[in-house]
Amino acid sequence: MTEEEIKVKIGIIGLGPKGLYGLERLLANLVKGKEAIPIEIHLFNKSNSFGAGDIYRVDQPGFLMMNYVNGYINMWPDQLPEPIVSHPKSFVEWLRDHNHEFPEASAYTFSSRATVGRYLTEGFNALIDACPSYISLIKHVGEVKDIDKSDDHYHISYQESSSGSEFMEKGFQNILIATGHPCINDPENHSSSNYIDFIYPVTQRLAQVTAGSTVAIKGMGLTFIDAVLALTEGRNGKFKEDNYGILTYLKSGEEPKIIYPFSKSGLPMIPRGNTFGKPLHSPLFFTKESLDFVEALDGKHDFERQILPLIEEEFKAVYYSKLFLSKGLELKLSRDFAEVALQIEHFHEQFPDIIRFDFNSFLEASPTGEDVHSSTLKYIQESILEAEIGIEKSAFAATADLWRHLSESFNELYKFGGLKPQSQRVFLEKYAGHLNRISYGPPIENMKKIEAIAKAGLIDFSFAQNPEISASTTYSLTNKEQKSIQAEFLIDARIPKINLNRCAGGFFGNLIEKGLIHPYTNRQEGRLDYRPGCIAINEKGHPIDETESANSAITFTGTPTEGLTYDNDSLSRKRNDFVSAWAKEVTESVQTIAAQSQLNSNLY
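For the sequence shown, our numbering assigns the number 64 to the initial residue and increments by one for each residue that follows.
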């Protein structure tokens, strides 16, 4: 097939899970189409890990675990058109086929990210095998640097990973951008040799951290856990489990001398056990019906004044429902929260020694006592115990799990400027991180490992609560008691959020310079604007300009849409699904081109 014969050329930038989902839907729609005209789909990925991306790459250590139970994972959609592969399998079905490798795996257990990566990679390969001959799939391993527009077509410039050479692929009618995390944290530290800005892949990125060194880790979420395990278990450390399920860490001597984690809140994530197959929570207070009674100004809501009270009522109802059961009582739920509140008052009169539930205290649990390290370790131990009791009996675990059930409804309200400008800022800066911390934590096993490593003296939480940081040849951390330590290495264990102000000069900076994308501004007449740092897009994922004119040739999905959407960082196909509409739109465009081509041939 000559270049002149190619009628359609489509690009997908980023072939992690979100890009894979886009490819799958595109092929399903194209194959369903009536016209089989020649099509090229060019796939651009930084590494050869197509389908899995860097986060789920198959060559990473097995101790890097999912926080998403197996039963929820399925790369194939339950929608039409059906996938082009003959036997699409959920992750659990795939695990059954590999039972000799994973005999203990089930819908109710957690797998390693490498194992999920194998599943995604095999799914990608199955798509290639099932692809009809008139559709060419062309892989490019390299980092996309720029997109140029010429007439009605686009050219993609990329740097090949193996050679470092730069190439330009021309003539695209449509491009899907699924780049994952496009920015870096703290660019001012980026040039320091003892600063590690991103930990994945862990074996390569953390290799420079020497045995016996002092390490500070910024961020105390899932990435922090991965970093710690890579520096301990990943360096031949071992765990020994006693008859009561308590782990002891056995040092190898290859670890750092000590690790000092810290974050803005200073709080670790709450671990979670299996939630698959458990009854879904049906909200009583944070419901669409309740929100319909909340007056919106220009379609926008005030989070703290209008939304948060309903969320708090939901949290209290769940907490006390389980607490009542632990005392052999039943909280009679009613859509009138005043009736629920009255029962709670009678409960505390009956049990005056039981501490009242407070929403803010639950989100921002402050360490008790002066010893921050001991109180943080105690918090970890207590949260492990509650997670092992489980969401059906533990008031703590059930309440921690609740936001997972409410977040989808919240996203519908939040997305595309649903909150007032400064209310969005308050939500993102004050609440979003805490809600993520309580509901999307690691599996119990991984938090038990962190406890064991800390008890072995390799983790010190004394500087966990937002210390002052200064840098010279080393990094100095100073806590509230004005005690200081020096760290030879600083690891940034935060997943970068998209912030176009920090992407200047990179791919997204070039797109801004070309006028292909613009930063989003949340505006409301008479209110102070808010700029969350994300791209201005419409509800189809197309970038829009200052006049809100959309460029339908380019579509964003996944992390680059964060800020105008909420909670994209998962394997969910349904949450903020831009690719299904994109695939249909592209297919309609292909059919138009085919019809025009047929008309032209008839004329001649």
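Even glycine gets a Cβ: it sits at the ideal position worked out from N, Cα and C.
Terminal residues of the beta strand (DSSP E) in which residue i lies
{"i": "T178", "result": "Looking at the DSSP string, T178 is not in any beta strand (DSSP E); the run it does join, the alpha helix (DSSP H), is R176 to A193."}
{"i": "I198", "result": "I198 to S213"}
{"i": "N108", "result": "I102 to N108"}
Neighbourhood of residue i by C-beta distance below 7 angstroms, restricted to the same chain and skipping five residues each side
{"i": "R181", "result": "V121"}
{"i": "I191", "result": "L200"}
{"i": "K81", "result": "A241, T620 and G621"}
{"i": "D464", "result": "R335, T338, I454 and S502"}
Backbone CA spacing between residue i and residue j [nearest angstrom]
{"i": "T610", "j": "G480", "result": "16 angstroms"}
{"i": "I73", "j": "N237", "result": "5 angstroms"}
{"i": "F459", "j": "N509", "result": "19 angstroms"}
{"i": "M332", "j": "S199", "result": "45 angstroms"}
{"i": "A616", "j": "G275", "result": "53 angstroms"}
{"i": "M64", "j": "E576", "result": "Bear in mind that the predicted position of M64 carries a pLDDT of just 39, short of 50, making it too unreliable to give a figure here."}
{"i": "E514", "j": "Q444", "result": "7 angstroms"}
{"i": "R500", "j": "Y494", "result": "10 angstroms"}
{"i": "L627", "j": "I600", "result": "8 angstroms"}
{"i": "K560", "j": "L405", "result": "42 angstroms"}
{"i": "D141", "j": "R636", "result": "10 angstroms"}
{"i": "K543", "j": "P530", "result": "7 angstroms"}
{"i": "R488", "j": "P595", "result": "7 angstroms"}
{"i": "A290", "j": "I262", "result": "7 angstroms"}
{"i": "F22", "j": "H605", "result": "With the chain represented from 64 up to 667, any question about residue 22 goes unanswered, as that position is not in the structure."}
{"i": "K385", "j": "S457", "result": "6 angstroms"}
{"i": "L669", "j": "D260", "result": "The question about residue 669 has no answer, for the chain in this structure spans 64 to 667."}
{"i": "I516", "j": "I522", "result": "6 angstroms"}
{"i": "F387", "j": "K327", "result": "34 angstroms"}
{"i": "L638", "j": "T624", "result": "The sequence shown places Arg at residue 638, not Leu. Each residue's alpha carbon lies about 12 angstroms from the other."}
{"i": "K483", "j": "Q587", "result": "7 angstroms"}
{"i": "S397", "j": "D630", "result": "30 angstroms"}
{"i": "D640", "j": "T541", "result": "44 angstroms"}
{"i": "H436", "j": "Q545", "result": "15 angstroms"}
{"i": "L394", "j": "G77", "result": "49 angstroms"}
6 angstroms CB neighbourhood of residue i in its chain, flanking five on each side removed
{"i": "E67", "result": "Because the pLDDT at E67 is just 47, under 50, the model does not fix this residue reliably, and the point stays unresolved."}
{"i": "L426", "result": "H497"}
{"i": "A519", "result": "Y312"}
{"i": "N573", "result": "D209"}
{"i": "W139", "result": "P146 and P151"}
Sequence-distant residues of the same chain with beta carbon closer than 8 angstroms to residue i, five excluded per side
{"i": "W157", "result": "Y182 and E185"}
{"i": "V179", "result": "A115, Y119, M129, I136, F154 and L634"}
{"i": "K351", "result": "S472"}
{"i": "P144", "result": "A91, N92, V94 and K95"}
N-terminal and C-terminal residue of the alpha helix (DSSP H) that residue i is part of
{"i": "P80", "result": "P80 to K95"}
{"i": "L373", "result": "L371 to S389"}
{"i": "H436", "result": "V435 to I452"}
{"i": "Y477", "result": "A458 to Y477"}
{"i": "S533", "result": "Run containing S533: none in the alpha helix (DSSP H); it sits in the beta strand (DSSP E), E531 to A534."}
{"i": "D555", "result": "Taken as a continuous stretch (DSSP letters only), D555 belongs to no alpha helix (DSSP H), being part of the beta strand (DSSP E) at F552 to D555."}
Contact belief for residue i with residue j at Cβ below 8 angstroms, rounded distance in angstroms
{"i": "Q528", "j": "G329", "result": "3 angstroms"}
{"i": "S224", "j": "K320", "result": "Not a contact, Cβ separation roughly 35 angstroms."}
{"i": "I100", "j": "V649", "result": "No, I100 and V649 are not in contact; Cβ-Cβ is about 13 angstroms, not under 8 angstroms."}
{"i": "E375", "j": "L469", "result": "So it is not a contact: roughly 11 angstroms between Cβ atoms."}
{"i": "F339", "j": "A556", "result": "With a Cβ gap of about 27 angstroms, F339 and A556 do not count as contacting."}
{"i": "V94", "j": "P195", "result": "6 angstroms"}
{"i": "Y383", "j": "I407", "result": "5 angstroms"}
{"i": "N299", "j": "S315", "result": "4 angstroms"}
{"i": "T655", "j": "L239", "result": "The Cβ separation is near 18 angstroms, so there is no contact."}
{"i": "Y221", "j": "F107", "result": "6 angstroms"}
{"i": "K202", "j": "I554", "result": "Their Cβ separation, rounded to whole angstroms, is 32 angstroms, which puts K202 and I554 out of contact at 8 angstroms."}
{"i": "S525", "j": "S533", "result": "The Cβ separation is near 17 angstroms, so there is no contact."}
Reduced DSSP secondary structure (H/G/I, E/B, other) of residue i
{"i": "N585", "result": "strand"}
{"i": "V132", "result": "coil"}
{"i": "E304", "result": "strand"}
{"i": "V148", "result": "coil"}
{"i": "L627", "result": "coil"}
{"i": "R335", "result": "strand"}
{"i": "K363", "result": "strand"}
{"i": "P415", "result": "coil"}
{"i": "P505", "result": "coil"}
{"i": "I513", "result": "helix"}
{"i": "Y323", "result": "strand"}
{"i": "V649", "result": "helix"}
{"i": "K493", "result": "helix"}
{"i": "K395", "result": "coil"}
{"i": "S547", "result": "strand"}
{"i": "E232", "result": "strand"}
{"i": "A613", "result": "strand"}
{"i": "E223", "result": "strand"}
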